[in-house]
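Right, one structure below, let's go through it.
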Amino acid sequence: MPPPSTPAPTRRRCLQLAAGGLVPLAARTWGAPSTTVRLSHVVARDTPKGMALERFRTLTEERSQGRIRVQVYPQGQLYGDHDEMQALQLGAVDMVAPSLSKFGPIGFPEFELFDLPFLFDSLEAVRRLTRGRVGQTLLQSLQRQRLTGLGFFDNGFKHMSANRPLLEPRDFVGLRIRVQASRVIAQQMRAWGAWPVTLPFSETRRALERGVVDGTENPVSNFWTQGMQAVQSDLSLTAHGYLGYAVVTHQRFWESLPAADRRLLQGALEDALVFGNEIADAQNDKALAALHLTGAAHLNSPTAAQTRLLKNAALPVHGELAARIGHDWLRTVHNALQKTS
Ligand code: SIN
1 MPPPSTPAPT RRRCLQLAAG GLVPLAARTW GAPSTTVRLS HVVARDTPKG
51 MALERFRTLT EERSQGRIRV QVYPQGQLYG DHDEMQALQL GAVDMVAPSL
101 SKFGPIGFPE FELFDLPFLF DSLEAVRRLT RGRVGQTLLQ SLQRQRLTGL
151 GFFDNGFKHM SANRPLLEPR DFVGLRIRVQ ASRVIAQQMR AWGAWPVTLP
201 FSETRRALER GVVDGTENPV SNFWTQGMQA VQSDLSLTAH GYLGYAVVTH
251 QRFWESLPAA DRRLLQGALE DALVFGNEIA DAQNDKALAA LHLTGAAHLN
301 SPTAAQTRLL KNAALPVHGE LAARIGHDWL RTVHNALQKT S
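See below:
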């Protein structure tokens, strides 16, 4: 029963909101939480990742009636790319959601398959991998470092930005391009004639502004929410690669929780990641529409012939990864992609 002092229409509204999963802060009467989950990530709140993790927070707090609190630290407020995994290992945070490109340098090169240029032709193709045996194998592999992988989710396809159009390999020649710490992405940039420069996400905009690097790659939502359009004149819609994430926790933290809480968190996360995947396209489309509307950057689209040139030049990158992580593993990936296409 709601407290007698609550007027009936307000009570009804609260119940309606609760049914829709949107209880306003002021209506909550939860006591102090008994468990807190500290979750760190590097992008803005209004990106696909930021919104999915906020949804995880809301669902967890509602379903546990405030007993489990999720504290989300966005925009690298707590930790950046280079130290968030270490923070997780040390127990300074409880969950992180790095891009899949950031697992290679910490001992999981198999994850770099997601960075292969032009591997996926749609987000559905990505899901054939992440929801199948390949995805399960990758999540299980994290146990090598006592990590527990809880799920994958999307941002979207990456495009190229610089102070000129980047539509075919000759446009890249001599440019310094910021990349994530992925050998595959670095090789891709070299294959196109550019110099890859590895930088944390949180330093990218400033590095572009100061001319430390000339360009970068990212989905439109990350480009727009970091205000990169103020320091890059051109966004070229190359859609040459995928950016997605894995949510990871440490076994020490995960196993310290009662089984029922693990189930609750896992359920809330699964629903939040479904939500994240549903809105990812829309968030990227919204950012693209905002760029169109404001005219803040020139938007360039490659012709089919230019895309073919990018694709052909990047082919050796696939072979180089196969040599590092095993031809069999990549064959499994290609078979999984073909089976259901
Ligand atoms: C992210 O979306 O988490 C950041 C991607 C990047 O470092 O470019």
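Just so we're aligned: 150 in our numbering is position 150 of the sequence shown, and the numbers increase by one with no gaps anywhere.
Backbone N, C-alpha and C define an ideal beta-carbon position, used for all residues, glycine too.
These numbers were taken from a predicted model, which means no experiment stands behind them.
DSSP, read as helix, strand or coil, puts N284 in helix. For D214, no beta strand (DSSP E) segment is defined, and its DSSP state is neither H nor E. H41 carries a coil assignment under DSSP once its states are collapsed to helix, strand and coil.
Not one heavy atom of the ligand SIN sits closer than 7 Å to the Cβ of S161. A check of alpha carbon separations from D328 across L113, S34, T58, T35 identifies L113 as the nearest. C-alpha of A314 to C-alpha of A191: approximately 6 Å in a straight line. In the structure shown, the three-state DSSP call for D94 is coil.
Shown here, H334 sits in a helix according to DSSP, grouped into three states.
Closest in alpha carbon position to V247, among A32, G31, R38, is R38. Q180 counts as buried, since at least 16 other C-beta atoms from the protein chains shown sit within 10 angstroms of its C-beta.
About 18 Å separates the CB atoms of L243 and K311; that is not less than 8 Å, and the two are not in contact.
In the three-state reduction of the DSSP assignment, F56 falls in the helix class.
Of the candidates E217, T249, A230, V184, T249 places its Cα closest to the Cα of Q145.
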